Amino acid sequence: MSSKLNLAEYTKEYVIGIEELDEQHQSFFEMLTKIDAVAPDLYRPMDEDEADDILDILGELRDYALHHFGTEEGYMQEVKYPGLKAQKAAHNKFITDVIRMEAEIMNGSSMPPIKIRNFITEWYGEHILTMDKPFGTFYSKTED
Ligand SMILES: [Fe+2]
Ligand SMILES: [Fe+2]
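Written out as structure tokens, the structure reads:
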């Protein structure tokens, strides 16, 4: 039993009702648990090997996020969603923040993995609940 895994658990409250996007959101949360595997002690500043592994994971997460944002914005364009511009801005900010974090690690900042994990989990969870979910509601009304 590990309580650590619950840090990034995907729960029903995150379901927005668009299957493809829900699957991508879930995969993203699952990818976050990889951080635990390479740095089992999340609260200790990572050593060089852990930092290398975490940089690989962050790269993967960033690629996946870009892919997901593209898919999601496509759905928004399709129905001329009025919130598209704000979504694009939020998506871009996330990518910029992840790149900044990668740069900090590359420059030898010895942050504990929990800081990275929490930042990503919190941003993503909050974004889904406050921005993607309202889009899911909007989208469902355009379907009939
Ligand atoms: Fe989004
Ligand atoms: Fe999303």
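Residue 94 in this note's numbering is what sits at position 93 of the sequence shown, and the numbering runs on without skipping anything. Cβ coordinates follow ideal geometry from the N, Cα and C atoms, glycine included. Predicted model only: the values in this text are computed from it and were never measured.
Look at the stretch 42-89 and you find no whole run of beta strand (DSSP E) that is 3 residues long or longer. Taking 9 Å as the cut-off, the beta carbon of ILE36 is found closer than this to the beta carbon of ILE117. Contact between the stretch 53-65 and the stretch 37-45 is present: 3 or more CB-CB pairs across the two stretches fall below 8 Å. Taking C-beta separations shorter than 6 Å and ignoring five residues to either side along the sequence, the partners of LEU85 in its chain run MET77, following chain order. When ILE17, SER111, PHE139 and GLN27 are compared, the shortest CA-CA separation from TYR65 is found for GLN27. Close CB contacts of ILE100 within its chain, under the 8 Å cut and outside five residues either way in sequence, are with ARG63 (chain order). Taking the CA atoms as reference points, GLU74 sits about 21 Å from GLU123.
If the five residues before and after ALA87 are omitted, its C-beta is found closer than 8 Å to the C-beta atoms of MET132, all from its own chain and listed in chain order.
Buried is the label assigned to HIS92, since at least 16 other Cβ atoms lie within 10 Å of its Cβ.
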